[in-house]
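Participant:
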Amino acid sequence: MGKEQRLIIVGAGGFGQEIVWAVRNMNARRPQYQVAGYCDDDPGKKGIEIYRTSVLGAPEEVDKAFRDKPHFICAVGNNLERAQAVERVIALGWLPVTVIDPSVIIAEGVAVGEGTYVGAGSILSPYAQIGKYVIINHHCSIGHNSVVEDFVQISPGGRVSGSCRIKTGASMGSNAVVAPGKSIGRHATLGACSFAMTDVADAVTAVGTPARVVMRHKSEKGL
């Protein structure tokens, strides 16, 4: 049995608890990670325990406490803020890991990028391609031959049909659905319980069934 890797959860919030849960599930199958704690910029959280895991301080402070560079998984929900947090800890020399709950069903031909999280009960269908630092939450499904690009977030119950493309920085709300072959644009948001029957453009928010654009916004920088 190899040595367990020290793991830091970047972000001490509710999503961080879910990642700790998934890591514990993974370790129950095969010990892989020693969860050393969370890092978080909020000084009020330092020293407290969240889901039986301690908050150690800001990333730079945590980095000085370890002789060897730790591994990390980023538990920041906002896509732009997650990108900034990842850039910050990568600059410290931390090493990204991928966390996939053991209950996830993964078909042949699926690829999942580094730093990505896939939550309990999700399904990754044949030849789905998942990018880096993606959040696929509980009970989501990614259809065959679909592409989910970097820094995407798919909230619980999200449904991506076959041959879709979810572009960089896009977000899907809980129980949102994308019709077969359609795309969600860069930095776009498909609202909760919405159904994208056509392509959703870059940098817009679309809601409803069928989904219609209700807001246009500036494309996020840094992704």
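Here the numbering used here is used: the first residue of the sequence shown is -15, the next is one more, and so on. In this text, a Cβ means the ideal position worked out from N, Cα and C, and glycines have one as well.
Considering only residues of the segment 166 to 197, which uninterrupted beta strand (DSSP E) runs meet the minimum length of 3 residues and lie entirely inside it, listed in chain order?
Facilitator: Here the runs fully enclosed are 188 to 191.
Participant: Apart from the five residues on each side of it in sequence, which residues of its chain come closer than 6 Å, Cβ to Cβ, to Cys124?
Facilitator: Closer than 6 Å at the Cβ level, and outside the excluded window around Cys124, lie Ser106, Ile138, Gly142.
Participant: How big is the Cα-Cα spacing for Lys53 and Ser178?
Facilitator: Taking the straight line from one Cα to the other gives about 42 Å.
Participant: Report all residues from its chain with a CB closer than 7 Å to the CB of Val70; omit the five preceding and five following residues, and keep chain order.
Facilitator: Excluding positions up to five away in sequence, the list reads Cys58, Gly99, Tyr117.
Participant: By how many angstroms is the C-alpha of Val7 removed from the C-alpha of Ala49?
Facilitator: Approximately 22 Å, taken between the alpha carbons.
Participant: Along the alpha helix (DSSP H) that carries Val7, what are the first and last residues, could you check?
Facilitator: That run of the alpha helix (DSSP H) goes -2 to 13.
Participant: Leaving out five residues on either side along the sequence, give the residues of the same chain with a beta carbon under 8 Å from the beta carbon of Tyr35.
Facilitator: So the qualifying residues of the chain are Gly0, Gln1, Val4, Trp5.
Participant: Hey, could you find the ends of the beta strand (DSSP E) Arg(-10) is sitting in?
Facilitator: From DSSP, the beta strand (DSSP E) with Arg(-10) extends over -11 to -6.
Participant: Quick one: residues in its chain with C-beta nearer than 7 Å to the C-beta of Ala91, no 5 flanking neighbours on either side, listed in chain order?
Facilitator: Hits under 7 Å: Leu108, Ser109, Pro110.
Participant: Is Ala104 near Asp85, with beta carbons less than 7 Å apart?
Facilitator: Yes, the pair counts as a contact, with Cβ atoms nearer than the cut-off.
Participant: DSSP state of Ile32, grouped into three classes?
Facilitator: Ile32: coil per DSSP, three-state reduction.
Participant: Taking the alpha carbon of Val60 as the point to measure from, which residue in Thr152, Ile(-7), Ala154, Val188 has its own alpha carbon closest?
Facilitator: Nearest C-alpha to Val60: Ile(-7).
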